[in-house]
Amino acid sequence: MFDLNTIKGIGEKTEKTLNKLNIYNIYDLITYYPFRYEVLKKTNLDSEKVVISGRIISNPLISYFKRMNRLTFRLDIDSQIINVVIFNRGFLKNNLQIGKYITVIGKYQKEKNTLLAADIKLYDIGNKIDIEPIYHLTKGITNKTLNTVINNSLNDINIIDYIPDKFIEKYDFISKKDAIYNIHNPSNKLILNKSIIREKYEELFLFMLKINALKYRNGQMSIGYKKEVNKEKINEFISSLPFNLTDDQLNALEDIFNDLKSEKRMNRLIQGDVGSGKTIVSIISMYAVYLSGYQSALMAPTEILAKQHYENVSNLFKQFNINICLLLGSTKKSDKKKIYEDIKNGNINIIIGTHSIIQEDINYNNLGLVITDEQHRFGVNQRNNLRNKGNMPDVLYMSATPIPRTYALTIYGDMDISIIKSMPNGRKKIITEVFDSSEIKSVLYKIKNELDLKHQIYIVSPLIEGAEDENEDIEKLEKKFKLAFKNYNIGILHGKLSSKEKESVMNDFLNKNIDILISTTVIEVGIDIKNASMIVIFDAYKFGLATLHQLRGRVGRNDFQSYCILISNKDSKRLKIMKDVNDGFVLAEKDLKLRGYGDLFGVKQSGDMTFKLANLTKDYNMLLDAKKDSEEILRDIDDYKLLKDVLKETINMD
Ligand code: ADP
Ligand code: MG
Numbered sequence: 003m004f005d006l007n008t009i010k011g012i013g014e015k016t017e018k019t020l021n022k023l024n025i026y027n028i029y030d031l032i033t034y035y036p037f038r039y040e041v042l043k044k045t046n047l048d049s050e051k052v053v054i055s056g057r058i059i060s061n062p063l064i065s066y067f068k069r070m071n072r073l074t075f076r077l078d079i080d081s082q083i084i085n086v087v088i089f090n091r092g093f094l095k096n097n098l099q100i101g102k103y104i105t106v107i108g109k110y111q112k113e114k115n116t117l118l119a120a121d122i123k124l125y126d127i128g129n130k131i132d133i134e135p136i137y138h139l140t141k142g143i144t145n146k147t148l149n150t151v152i153n154n155s156l157n158d159i160n161i162i163d164y165i166p167d168k169f170i171e172k173y174d175f176i177s178k179k180d181a182i183y184n185i186h187n188p189s190n191k192l193i194l195n196k197s198i199i200r201e202k203y204e205e206l207f208l209f210m211l212k213i214n215a216l217k218y219r220n221g222q223m224s225i226g227y228k229k230e231v232n233k234e235k236i237n238e239f240i241s242s243l244p245f246n247l248t249d250d251q252l253n254a255l256e257d258i259f260n261d262l263k264s265e266k267r268m269n270r271l272i273q274g275d276v277g278s279g280k281t282i283v284s285i286i287s288m289y290a291v292y293l294s295g296y297q298s299a300l301m302a303p304t305e306i307l308a309k310q311h312y313e314n315v316s317n318l319f320k321q322f323n324i325n326i327c328l329l330l331g332s333t334k335k336s337d338k339k340k341i342y343e344d345i346k347n348g349n350i351n352i353i354i355g356t357h358s359i360i361q362e363d364i365n366y367n368n369l370g371l372v373i374t375d376e377q378h379r380f381g382v383n384q385r386n387n388l389r390n391k392g393n394m395p396d397v398l399y400m401s402a403t404p405i406p407r408t409y410a411l412t413i414y415g416d417m418d419i420s421i422i423k424s425m426p427n428g429r430k431k432i433i434t435e436v437f438d439s440s441e442i443k444s445v446l447y448k449i450k451n452e453l454d455l456k457h458q459i460y461i462v463s464p465l466i467e468g469a470e471d472e473n474e475d476i477e478k479l480e481k482k483f484k485l486a487f488k489n490y491n492i493g494i495l496h497g498k499l500s501s502k503e504k505e506s507v508m509n510d511f512l513n514k515n516i517d518i519l520i521s522t523t524v525i526e527v528g529i530d531i532k533n534a535s536m537i538v539i540f541d542a543y544k545f546g547l548a549t550l551h552q553l554r555g556r557v558g559r560n561d562f563q564s565y566c567i568l569i570s571n572k573d574s575k576r577l578k579i580m581k582d583v584n585d586g587f588v589l590a591e592k593d594l595k596l597r598g599y600g601d602l603f604g605v606k607q608s609g610d611m612t613f614k615l616a617n618l619t620k621d622y623n624m625l626l627d628a629k630k631d632s633e634e635i636l637r638d639i640d641d642y643k644l645l646k647d648v649l650k651e652t653i654n655m656d
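The working numbering numbers the first residue of the sequence shown as 3 and each following residue consecutively.
Given below as structure tokens:
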């Protein structure tokens with residue numbers, strides 16, 4: 003019943019087109035909201051943008067030249083006669099009969115007594131204000147058709163309203179069906195706003211309901227196992243490290259140790275800027291858990307990162323008798339079987355991998371700690387799967403999205419938070435410079451300087467949007483760089499490579515067999531190569547601040563001077579900010595200010611924190627209402643079967 007092809011006006015072809023817009027069922031369709039509205043209100047002819055109605059008094063003439071066509075006719079506006087010209091609307095000719103009232107939008111040229119039209123509406127706008135929804139489109143569907151099929155499906159579908167009656171009353175919300183209808187067909191601004199607010203509230207309410215349900219459950223199932231923390235051995239390990247931990251790292255560890263020691267299950271988020279040294283904190287935690295006799299698991303969002311953690315951990319734990327395994331999606335079946343076996347009987351102490359470490363068929367022997375790295379890549383629904391593994395393990399999340407604390411407290415309301423703010427001692431500030439693409443030569447000289455110092459270089463190029471062959475651009479760059487740097491080794495990395503190939507490229511870069519690594523943003527997350535001192539980002543204006551900051555964080559991981567070179571032939575405020583600001587938390591605040599609202603720094607990347615209408619910062623007060631309301635509902639959740647089912651389905655809550 004939710005199939006698109008049951009809707010009037012949607013055939014096989016239209017269905018395929020809709021799929022391209024990520025619309026796969028009726029619900030997707032009716033919540034495919036306009037991204038903006040065009041507001042039309044009658045003006046007079048002097049106005050900058052003229053919107054005026056009148057009666058057609060001559061048959062339209064059409065003339066062609068090259069690939070354009072031009073339509074002209076005369077219009078009577080309250081007895082003032084003017085000429086109207088519009089380009090490339092030849093198809094309108096038959097709709098423009100003498101005597102018909104229409105509305106023309108455009109610019110009036112007084113000397114020629116001609117209205118150069120940008121658009122024509124086939125009705126008299128009168129004295130009303132006309133609001134037209136504008137959708138993001140793709141080839142094969144028009145704004146009008148999309149609006150029509152949406153309205154057709156709204157007729158057919160029974161829409162489930164998730165907002166409890168008492169809040170509908172409290173906020174005086176209109177019905178969900180009306181709200182969605184109005185968003186697609188607004189009759190005036192007031193109704194439109196009312197409708198949008200209602201839909202936003204529902205999104206935020208459901209989101210906060212999940213967060214609060216998780217929080218509530220963490221309280222319910224909070225009893226885990228007390229673990230002993232062997233401070234002496236841990237300190238010994240810490241002093242064997244080649245560096246001193248920062249105060250923030252030590253404080254985070256203190257928080258973690260207290261959680262481990264207590265009977266309460268840990269559910270803690272470590273928030274730290276890129277390069278602030280979160281990994282070592284997680285490694286020390288795993289060591290502590292190993293000492294207390296439990297297994298730990300570390301989950302990373304990509305295979306490259308998992309691999310890196312594996313090498314790092316293996317290296318640091320060399321001197322101990324700790325068994326560590328790496329488990330990836332691409333791990334051979336026979337190897338997997340053996341690893342599962344060893345995990346089950348406790349031969350393995352530390353498991354590192356991607357999503358594959360929470361597969362259903364893995365049975366842990368005595369899992370005591372689960373860590374997710376780059377937690378912002380995983381959504382709310384996934385927060386839970388981890389916790390459900392093993393027997394009440396402690397859970398630690400690592401996130402490199404430095405979002406302001408107030409926001410963090412709400413959207414990560416189900417967790418405790420430790421913040422690592424300061425960078426390791428001795429780090430030099432990364433120098434960020436912006437260049438026009440015409441200045442590429444001086445950039446090449448800078449690269450050469452770094453290569454002479456035996457340092458390595460990252461080159462990043464954005465994917466061409468919608469390009470069939472995403473690696474094409476990268477390969478072009480490779481050719482150019484091979485010409486410019488004949489005596490150096492150049493490697494490329496992009497999403498199309500198999501994980502084996504990626505791994506071997508990363509290994510070559512790590513082992514300095516590659517001097518210049520050209521890549522897409524696959525390197526964005528977490529990669530740690532100390533010897534890289536420069537990152538050059540092409541078409542930098544295409545990236546948001548959060549991504550640029552993550553990319554920049556790939557360098558500056560040693561005590562020598564590092565550089566971030568942003569190449570862009572478009573001026574952008576963001577690039578200026580990047581130049582001036584290095585601190586991620588400050589950058590996040592600037593990002594908020596710059597856009598006035600916008601997505602929270604980097605949070606957008608995480609699966610289910612992207613809302614269709616609501617915005618975590620712009621609608622923050624509503625988020626707080628939703629938080630309070632959802633807490634109220636949770637206390638009597640058994641009375642709300644519908645919502646209970648939602649929680650069961652999305653976060654496995656029973
Ligand atoms: P992130 O917080 O971005 O995950 P990493 O954990 O990868 O950062 O750490 C960045 C680099 O800094 C690593 O090479 C790590 O070994 C190093 N590092 C971590 N802590 C310190 C410290 N206290 N002093 C010096 N270097 C450190
Ligand atoms: Mg990291």
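Cβ coordinates follow ideal geometry from the N, Cα and C atoms, glycine included.
In the three-state reduction of the DSSP assignment, T45 falls in the coil class. Rounded to the nearest angstrom, the gap between the Cα atoms of F613 and N654 is 21 Å. With fewer than 16 other Cβ atoms inside 10 Å of its own Cβ, H138 counts as exposed. Taking 8 Å as the cut-off, the Cβ atoms of Y292 and N351 count as close.
Judged by their CB atoms, I159 and I12 are not nearer to each other than the 8 Å cut-off. For the pair L262 and A299, the CB atoms are not nearer than the 8 Å cut-off. Rounded to the nearest whole angstrom, the C-alpha separation of L446 and I461 is 11 Å. Out of N61, T105, N115, the CA that lies nearest to the CA of N96 is found in N61.
Cβ-Cβ separation between T248 and P426: approximately 6 Å, consistent with a contact (criterion under 8 Å).
Counting only the Cα atoms, F207 lies some 10 Å from E633.
Exclusion of the five residues before and after I433 leaves Q563, S564, Y565, C566 as the residues of its chain whose Cβ lies within less than 8 Å of its Cβ. In the DSSP annotation of this structure, the continuous segment of the beta strand (DSSP E) that includes Q458 starts and ends at 458 to 462.
For the pair D416 and N187, the CB atoms are not nearer than the 8 Å cut-off. Note that the C-beta distance between G555 and G277 is below 8 Å. At the C-beta level, L553 and I531 stay beyond 8 Å of one another.
Sequence-distant Cβ neighbours of I152 in its own chain, meaning closer than 8 Å and more than five residues away, are L31, I32, Y34, H186. Relative to the Cα of M210, the nearest Cα in the group I64, A410, Q361 belongs to A410. Annotation: the continuous alpha helix (DSSP H) that includes I32 extends over 28 to 32.
For the 8 Å CB-CB criterion, L568 and I520 do not form a contact.
Judged by the Cβ position, L73 fails to qualify as a neighbour of the ligand ADP at the 7 Å threshold, every heavy atom of the ligand being at least this far. Between the alpha carbons of F37 and L589 lies a gap of roughly 27 Å. Here the distance from the Cβ of F207 to the nearest heavy atom of the ligand ADP is not below 7 Å.
By the Cβ rule, the region 110 to 125 counts as touching the region 82 to 92, because three or more pairs are nearer than 8 Å. Burial check for N269: the Cβ neighbour count within 10 Å reaches 16 or more, so the residue is buried. Distance from the CA atom of D250 to the CA atom of S501, rounded to whole angstroms, is 35 Å. Comparing alpha carbon positions, the residue from T523, D573, D541 closest to T549 is T523. Every alpha helix (DSSP H) of 4 residues or more that sits fully in the region 510 to 565 is shown, in chain order, as 547 to 554. One alpha carbon belongs to S316, the other to F322, and they sit about 10 Å apart. The straight-line gap separating the alpha-carbon atoms of K15 and S155 is approximately 17 Å. For the pair D257 and D418, the Cα-to-Cα distance works out to about 9 Å. Where E435 is concerned, the enclosing beta strand (DSSP E) starts and stops at 433 to 437. Counting the other Cβ atoms within 10 Å of the Cβ of E265 gives fewer than 16, which makes it exposed.
In this structure, the CA atom of G142 is about 6 Å from the CA atom of T19. Judged by the Cβ position, I282 qualifies as a neighbour of the ligand ADP at the 7 Å threshold, a heavy atom of the ligand being closer than this. Burial check for E204: the Cβ neighbour count within 10 Å reaches 16 or more, so the residue is buried.
Minimum Cα-Cα distance from S570 among the listed residues G331, K233, N184, V436 corresponds to V436.
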